[in-house]
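Peer 1: In order, the protein sequences belong to chains D, L, P and H.
Okay, so the first sequence: first residue is 22 according to this note's numbering, each after it adds one.
Okay, so the second sequence: first residue is 22 according to this note's numbering, each after it adds one.
Okay, so the third sequence: first residue is 22 according to this note's numbering, each after it adds one.
Okay, so the fourth sequence: first residue is 22 according to this note's numbering, each after it adds one.
Have a look at the structure that comes next, please.
Protein chains: 4
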Amino acid sequence: MSTDHRPDLKPASVRGRSRDPVATSQALLDAALSEFAEHGFEGGRVDRIAAQAGVNKQLVYHYFGNKDELYRAVLESVYRQIREREQELHLGDAEPEEAMRRLVGFSFDYLAENPQFIALVNDENRLAARHLKASEQVAAMHSPLVQQIEQTLLRGLKAGVFNDRFGPVNLYLSIAALSFFYFSNKNTLSVIFDRDMTSSAQIARRRQHVIELVMAALRP
Amino acid sequence: MSTDHRPDLKPASVRGRSRDPVATSQALLDAALSEFAEHGFEGGRVDRIAAQAGVNKQLVYHYFGNKDELYRAVLESVYRQIREREQELHLGDAEPEEAMRRLVGFSFDYLAENPQFIALVNDENRLAARHLKASEQVAAMHSPLVQQIEQTLLRGLKAGVFNDRFGPVNLYLSIAALSFFYFSNKNTLSVIFDRDMTSSAQIARRRQHVIELVMAALRP
Amino acid sequence: MSTDHRPDLKPASVRGRSRDPVATSQALLDAALSEFAEHGFEGGRVDRIAAQAGVNKQLVYHYFGNKDELYRAVLESVYRQIREREQELHLGDAEPEEAMRRLVGFSFDYLAENPQFIALVNDENRLAARHLKASEQVAAMHSPLVQQIEQTLLRGLKAGVFNDRFGPVNLYLSIAALSFFYFSNKNTLSVIFDRDMTSSAQIARRRQHVIELVMAALRP
Amino acid sequence: MSTDHRPDLKPASVRGRSRDPVATSQALLDAALSEFAEHGFEGGRVDRIAAQAGVNKQLVYHYFGNKDELYRAVLESVYRQIREREQELHLGDAEPEEAMRRLVGFSFDYLAENPQFIALVNDENRLAARHLKASEQVAAMHSPLVQQIEQTLLRGLKAGVFNDRFGPVNLYLSIAALSFFYFSNKNTLSVIFDRDMTSSAQIARRRQHVIELVMAALRP
DNA sequence: AATGAATGAGTTTTCATTCAT
DNA sequence: TATGAATGAAAACTCATTCAT
C-alpha cells in the first residue's frame, strides 16, 4: 500500500538483479558450492547462499526447487569439473613410469587445490550418497582414470617396469586414498602430530612420498 | 503417537532416573557417540541424545556444560579407545614382515569395525579440529604406532627385508589412508563404481590389496 | 520430476498460449472455481490456478486484478448458474403439492450435484461475505424461488392442501437448509454417525425424508 | 553471550509465564479456539495463538506437538462441550410435545450462542474431517440426542400427538440443519435477502419458525 | 496478450539453552 | 541430582504480487 510508489532510482540492471537467468543461477551455484563446502549440507544456509549470490532467496527455489536439488546441482558441477580435468591427462603420450608419476601427481595436486571438492565428497558420504544416487548425470560420469591406469599398467608390464599385482580399480582407490586422506584429515592430523600439515613444505614432502610409494609398489 | 509430546505427569519418584551419576553420564556419552556419528556435530540433537540416554535434557548441561564440550568428551573417548587397542599390538613379538602385515591388517580391521570413529574424525576435520584443539587429553595421546612402525622398519632394514625409502610418519599416514579412505568414501564410491563397496567380498579384496601394496612398497 | 521447476527455454512462439482472451479468462475462471472450492479463498493458490489453466500467472492479474477479484468473479459465476437453473423450474405449471415436491427435489439435487457451490458459499460466509458485498451483480440476483414459493403456497392454501403457517422466505431457508446442511456436513456426520453419508442409498433416503418433512409441515 | 546478565526485574510469576502447565495449555487451547474459528485451520496462525495466549510460540509444540494436533484438541474440546450440554436436557421429564419444543429450541439456542462451534465444524468439513477421523475421543462421543429423539417420538406416538413418518437420525439431522444453516450462512443470506439475519428480531422469528415447522411436520 | 524473473513479508517448525522447582 | 517449563533466534520454504521484456 504505502510502498506502491517507493522511489527506487537504481538502474534496472542493478535493481532487478540483472534479469539474466544464466548469470543468476550460476551465481547461486557458486555461492552454494562455497557454503556447502564450508558448512556441509545440513549446516549450509539457504539465506547465506542467496545473500552471497546477491539474489533473492526465493530464486533458489525458482531455479533449483529446494535445498536438496541445489546441493545435487553443486555435486554434479564439481564432479563434472574433475572429470573434465581428468580427460586432459593424456597418459598415453608418456612412458609408463612417467605416465604413472604424472597421474599420481595430478591426483595429489587436484585435491591440494580443491579443498571444496573434498569437503563435498565427505559430506555426501555422511549423507549416504543420497544426492549422488538421485543424480543421473553423476552416475554416468565414470572416471576415465581407471581405464588409463589399466592401459598404463599393461604398457608397464610389457616394458618390464611394473608388476601385475594390482587391479586398476583398487590401484585407483589407493592413489586417491593416499592424497585424499592427507588433505581431508589435515586438521586433526595437525593437532595429533603437532605439526602443520598445511605448510607447503609438508605438502611437498607428502607429494613426494605418495609418488614414491606407488612407484615402489609397482616395481616388478 | 499422537500424545508423545504431552508432558508426563508421573511423580518424580517414578520418573527419576537411576540417580547414578556415573551411569547417567556414561549413558549420555554413549548416546552422544551414536548421535554425532550419525548426524555430525551440527546435525546432532541434544534432545535426541537425552532421549536415547533416557535422561532429562538438562543433565547434558549439568554433566558436560554444553553441546561442544559433550562432543569433545565423545572425541576423547573414541581416541582413547583406539589408542588402547593400538597398545595391545605387540609388534616386537613378530618378524618384521609379519609385524607389518599385522599392523596394516589391524588398521584396516579397526576402521572396518568402527564406522563411528571415521564419521567423528571426518566431522571434526570439517570443524577445523576445534574440539580436538580444545582437548588437552587428545593432544597428549600420540599414536604409539608411529614408534612401532619406526622400530619395525628398522628391524626389517637390518634383516634386509625392507627398504629405507619411507619415514615412519608418512608411512603411518599412508597405511591409515589406504583403509580410511575406503570406508569413509564407501557410499560415493559404491555409486560411482556401481558396485557395493560394503559387501564382505569387496572388503576382503580391499584388505588383501592394502596389505599387498604396503608390503610391495617396502620391499628392498 | 527433478527438473520440474527449471525455467523452460522454449521460444515464446511455442510457449505462447492461445492468445484468445475469452478462452484464457474462462480457463482461469474454471481453474479458480476448482481451486477455491477445494482449498478455500485463503488456501487457494494463484500459482496452481494459473498452472491448471495452462497460462502464465501474471494473466490472473491482467484479467482479474488480484486474487480477491478473481474470487468474486468465481462467486458471481456460480450464483449466476444456480439462478439460471432456478429460472427453469416452471412451478406454475403443476399442482401446488407437485410443484412443492419438485422445488424441494430440485434444491436437494442441485446441491447434491454441485459440491463446489456449497464449498464456496461456506467459505464466503467465513469471510463475512465480503466478496459478495463487493459484487453489484450478485446483490441483484434475487432468487426467483421466493416468489415461486409464495405463489405456490397461495395456490395450495386456496386449494386447501397447504396451511398458512410459514412465510415464503423462512420456508425457502428451511428447504435450502435441509439439503445444504446434509451435503455441507457430510464428512463430519459420516464420522460421528459412523456411516457413509455419501453413499447413494443414504442420499436417496435423505432426499425422501426432506421432501416428506416439508410436505408434512405444509399440510393444513 | 552478551545477554547473560540481562536485568529482568519482572517477578517470576510474570516473567516465567506462571509455570503452570495446566493454565498454559488451557490458555493455548482457548486462544486456538478463537483463532481457528475466525480464520480456519489453514488461515489460523500459530504465532497469533501463542501471542494471544501470552506464551512462547514453542509451547504450542511442547504441549500439542504441531498445528494439526492443536486443532484436533480444539475440536475435541468443543465437541465435548456440546455433548455435555446435551446431556443436561432431561427430555423424559416433559410431555412429548413440550420435550420436542425444548429440544429444537436448545439446538437453535446453542448454535446461536456458539458461532465458533459452527465455524470449526464447517472448517473441519472442508478438510474432509481429517482431524475428527484422527480423534479417538470424538468418534466415541455419540450425540445422546438421537436416543432422546427416538424415545420422545415413541412417547408422542403412543400419546397420539406425533406421527411415525420420520426416523430419529434423519429427524435429528433436520433439526440441526434448520438452525445450523441459518447461522452458518447468515452473512451471505444477509446480502442476498438484503436484510440483517443477525438482528435479534430476525433470529427470534427464525427460532419460532423452526420450532413450528418441526412440530407441524410431526403432527399425526 | 503473454512470459519468466524477481521480491518481501510471512509460515510452520526446530533447536540449544536457561529457569524454577 | 533431576525434571519439565519456557525462551529467542533462526531454519526451510511459501505466496501474492510486480517487473522487464
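Every residue gets a Cβ at the ideal spot worked out from N, C-alpha and C, and that includes glycine.
1. Based on Cα-Cα distance, which residue from P:S220, P:V167 and P:H60 lies nearest to P:Y92?
2. When the distance is taken between beta carbons, is P:A71 closer than 7 Å to P:F85?
3. Kindly say whether H:K88, judged by its beta-carbon, lies nearer than 7 Å to any beta-carbon of chain P.
4. Would P:N208 pass as an interface residue toward chain H - the criterion being a Cβ-Cβ separation below 7 Å?
5. Give the range of the alpha helix (DSSP H) segment to which L:A149 is assigned.
6. Any beta carbon from chain L within less than 7 Å of D:S195's own beta carbon?
7. Do the CB positions of P:S195 and H:L234 come within less than 7 Å of each other?
8. Among P:A180, P:K88 and P:F127, which one has its Cα closest to the Cα of P:E105?
9. Closer than 9 Å by beta-carbon distance: list the chain H residues that pair up with P:G61, in chain order.
10. Our contact map puts H:N191 next to P:H83 with C-beta atoms below 8 Å; I'd like the distance itself, whole angstroms only.
11. Indicate whether at least one CB of chain P lies closer than 7 Å to the CB of H:A115.
12. For D:H83 and chain L, any beta-carbon pair shorter than 7 Å?
13. L:Q223 to D:A198, Cα distance in whole Å?
14. Is the beta carbon of L:A53 sitting closer than 7 Å to the one on L:Q137?
15. Could you work out which residue in H:Q169, H:Q172, H:G181 and H:D51 is closest to H:L96 when comparing CA atoms only?
16. Along the chain, where does the alpha helix (DSSP H) that runs through L:G64 open and close?
17. What is the DSSP secondary structure of D:R216, counted as helix, strand or coil?
18. Could you please tell me which residues of the stretch 208-234 of chain P, in chain order, have their CB closer than 8 Å to any CB of chain H?
19. Going straight from the alpha carbon of D:I98 to that of D:D89, what length do you get?
20. Considering P:M236, what are the terminal residues of the alpha helix (DSSP H) in which it resides?
21. Give the residues of chain L in contact with D:F183, contact being defined as C-beta atoms less than 8 Å apart.
22. How big is the Cα-Cα spacing for H:F62 and H:N208?
23. Since H:V182 is in the alpha helix (DSSP H), which residue starts that stretch and which ends it?
24. P:R36: buried (16+ other C-beta within 10 angstroms of its C-beta) or exposed?
25. Buried or exposed: which applies to H:R101, given that a residue is buried once 16 or more other Cβ atoms fall within 10 Å of its Cβ?
26. Which whole-angstrom value is the C-beta distance of D:A74 and D:A48, which I expect to be below 8 Å?
27. Going by the beta-carbon positions, is the gap between D:G64 and D:P117 smaller than 7 Å?
28. Answer yes or no: does any C-beta atom of chain L fall closer than 7 Å to that of D:R186?
29. With H:Y203 and H:I170 assumed to form a contact (beta carbons below 8 Å), what rounded beta-carbon distance in angstroms separates them?
30. In its own chain, which residues sit with a C-beta less than 8 Å from the C-beta of P:V167, not counting the 5 before and 5 after it?
31. Is DSSP giving D:E97 helix, strand or coil here?
32. For L:R69, collect the residues of the same chain with a Cβ closer than 7 Å to its Cβ; drop the 5 residues on either side in sequence, then sort them by chain order.
33. When you check each C-beta in the stretch 151-182 of chain P against every C-beta of chain H, which residues fall closer than 9 Å?
34. Hey, quick one: how far does the alpha helix (DSSP H) through D:P165 stretch, first residue to last?
35. CB P:V76 to CB P:T45, shorter than 7 Å?
36. Taking 7 Å as the threshold (beta carbon to beta carbon), is P:N77 in contact with chain H?
Peer 2: Taking the structure as given:
1. Each of P:S220, P:V167 and P:H60 was checked against the Cα of P:Y92, and the nearest Cα belongs to P:H60.
2. With contacts defined by Cβ atoms closer than 7 Å, P:F85 and P:A71 do not form a contacting pair.
3. For H:K88, no Cβ of chain P is located within less than 7 Å of the residue's own Cβ.
4. Cβ-Cβ to chain H under 7 Å: yes for P:N208.
5. First-last for L:A149: undefined, no H or E at that position.
6. For D:S195, the answer is yes, since a Cβ of chain L falls inside 7 Å of its Cβ.
7. In contact: P:S195 and H:L234 (Cβ atoms closer than 7 Å).
8. Per the C-alpha coordinates, the member of P:A180, P:K88 and P:F127 positioned closest to P:E105 is P:F127.
9. The answer, in chain order, is G61, E63, G64, D144 and R147.
10. Rounded, the Cβ-Cβ distance is 50 Å, inconsistent with contact.
11. With a threshold of 7 Å between beta carbons, H:A115 makes no contact with chain P.
12. Closer than 7 Å: no.
13. When rounded, the separation of the alpha-carbon atoms in L:Q223 and D:A198 is 16 Å.
14. No, they are not a contact pair.
15. The option with the nearest alpha carbon to H:L96 is H:D51.
16. Note, L:G64: alpha helix (DSSP H), P42 to G64.
17. Annotated three-state conformation of D:R216 is coil, per DSSP.
18. Residues of the stretch 208-234 of chain P that bring their beta carbon within less than 8 Å of a beta carbon in chain H comprise N208, T209, L210, S211, V212, I213, F214, D215, R226, R227, H230, V231, E233 and L234, in sequence order.
19. A small fix is needed here, since residue 98 of chain D is Ser in this sequence, not Ile. If you take the alpha carbons of D:S98 and D:D89, they lie about 14 Å apart.
20. Residues S221 to L239.
21. For D:F183, no chain L residue has a Cβ inside 8 Å of its Cβ, as the nearest lies near 11 Å away.
22. Rounded to whole angstroms, H:F62 to H:N208 spans 20 Å at the Cα level.
23. For H:V182, there is no enclosing alpha helix (DSSP H), since its DSSP letter is neither H nor E.
24. With a pLDDT of 43 at P:R36, under the threshold of 50, the modelled position of this residue cannot be trusted; read the value that follows with caution. With fewer than 16 other Cβ atoms within 10 Å, it is exposed.
25. It counts as exposed.
26. Contact flag correct, Cβ pair sits at about 4 Å.
27. Their beta carbons are not under 7 Å apart, which means D:G64 does not touch D:P117 by this criterion.
28. Interface residue (Cβ-Cβ distance to chain L less than 7 Å): D:R186 is classified as such.
29. Contact between H:Y203 and H:I170 is absent: CB atoms are separated by about 20 Å, not below the 8 Å threshold.
30. For P:V167, where only same-chain residues beyond five positions count, the Cβ hits under 8 Å are P189, V190 and Y193.
31. Collapsing the DSSP output to three states places D:E97 in a helix.
32. E56, listed in sequence order.
33. The stretch 151-182 of chain P vs chain H, Cβ under 9 Å: R151, L153, K154, S156, V159, A160, M162, H163, S164 and V167.
34. Per DSSP, D:P165 belongs to no alpha helix (DSSP H) and is neither H nor E.
35. The Cβ atoms of P:V76 and P:T45 lie closer than 7 Å to each other.
36. No - not a single Cβ of chain H is within 7 Å of the one on P:N77.
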